[in-house]
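J.:
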Amino acid sequence: MSEAAETAFMTQFDSPPIRLGSHLFSSRLIVGTGKYSTFEQMRECLEISGADVITVAVRRERLVDAAGRNILDFIDLKRYTILPNTAGCFTADDAVRTARLGREILLGLENPGASWIKLEVLADKKTLLPDPVATLEATKQLVADGFEVLCYSSDDPIIARRLKEAGATSVMPAGSPIGSGQGVLNPNNIRICLEYLKENDPTYPVIIDAGVGTASDVAFAMELGCDGVLLNTAIASAQDPRQMAEAMRLACRAGYLAARSGRIPKKLYATASSPDSGLITPS
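Remember, our numbering sits 21 above the position in the sequence shown when you count from 1.
(1) G53 bridges to which residues according to DSSP?
(2) Three Cβ pairs or more, each shorter than 8 Å: is that satisfied between the region 141-150 and the region 176-189?
(3) Helix, strand or coil for P226 per DSSP?
(4) Among Y101, A78, A120, which residue has its Cα nearest to the Cα of S70?
(5) Assign P178 to one of three DSSP states: helix, strand, or coil.
(6) Return helix, strand or coil for C66, following the three-state DSSP convention.
(7) Taking a contact to mean a Cβ-Cβ separation below 8 Å, would you say T257 touches Y57 in this structure?
(8) What is the DSSP secondary structure of G249, reduced to helix, strand or coil?
(9) Please work out which residues of its chain come closer than 7 Å, Cβ to Cβ, to T54, disregarding the five sequence neighbours upstream and downstream, and give them in chain order.
(10) Among the candidates Y173, D166, A195, N221, whose CA atom is the shortest distance from the CA of T107?
(11) Can you tell me whether DSSP reads T102 as helix, strand or coil?
(12) Can you check DSSP and say which residues form a bridge with C172?
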C-alpha cells in the first residue's frame with residue numbers, strides 16, 4: 022500500500038473531533054507533563070502521543086527544574102493548548118487562587134488554555150482522591166469567575182451529576198487513584214456516571230482521569246463509552262516512555278472505534294465461524 026493510500030485508509034477511520042467547552046480537538050488523549058526524567062524526553066513523548074492538549078501544574082516549583090530551566094520553554098505553545106491544573110491543592114480557596122494564577126500566566130503567553138482549568142481539590146496526600154465538598158465549592162466559584170472547568174472527580178455518579186449541575190464543562194471521574202496504574206476498578210460506576218452525565222445531552226464530554234497504567238486500560242475506558250482519557254504517570258514512568266506514548270495514542274483510537282462498532286454478545290458456547298454446509302465428506 023502506498024503512503025498516500027495508507028493515509029487515506031487511516032483517515033477513513035479517524036474519530037471525530039472532541040469538543041471541550043469552547044475548544045475543539047482532534048485527539049481524545051490528554052497527556053500530562055510531570056514525572057519525566059528530562060524535559061527533552063517529555064517533549065518527545067508529547068509529540069509521539071498525538072495529544073492536542075497537555076496539562077501543566079501551576080505550582081511554581083513545577084515550572085522550573087533543578088538547573089533553572091522552565092518547562093514552558095520545552096512546550097510548543099502554538100501547537101498545544103495548555104490545560105493548567107490545580108494539582109496539590111487541598112482547599113477550595115487554594116484551588117481558586119491557583120486557577121487564577123494559571124489564567125494570568127497563559128494570558129501572558131497568548132495560549133488559548135487561559136480560558137479553562139483542570140480542577141483538582143484533593144482530600145489527603147495518601148489517596149489523592151478528590152474532596153467532594155471542596156471540589157463542588159471550587160467548581161461553583163470558578164464557573165462564576167468565567168472559567169471552563171474540567172473537574173477531577175471520584176467515580177460517584179451522584180457527585181458527578183452535581184458537578185455538572187454546578188456548571189462543570191466536563192466531569193472527569195478517576196478510574197483508580199492517581200498514579201496507581203490499577204486501571205478502571207469500577208466500570209459499573211463509570212457506566213452510571215456516563216448515563217447520568219449524558220442524560221438529555223449525549224455530547225457532554227466525560228473523560229477518565231487518573232489510574233490507567235497501560236494501553237489496555239485506555240482502550241477499556243474508551244470502550245465503556247468515555248469521550249477521552251487523561252493520563253501522565255503511565256507514560257512518564259514506563260520503562261520505555263516513548264513506546265508507551267505511541268501505545269496510548271493507538272489504544273485511545275482503537276477503544277473509541279470499538280465502542281461504536283457494536284461488539285458481538287458474549288456467549289456461553291462456541292459459534293463456528295465457517296458454515297456447516299459444503300463440507301468435504303468421505304466418498
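Note that the Cβ used here is the ideal one computed from N, Cα and C, for glycine as well.
T.: Once the coordinates are examined:
(1) T76
(2) no
(3) coil
(4) Y101
(5) helix
(6) helix
(7) The residue asked about is misnamed: residue 257 is Ala in this sequence, not Thr. For A257 and Y57, yes; Cβs fall inside 8 Å.
(8) strand
(9) M63, I75, T76, V77, I92
(10) Y173
(11) strand
(12) L140, V192
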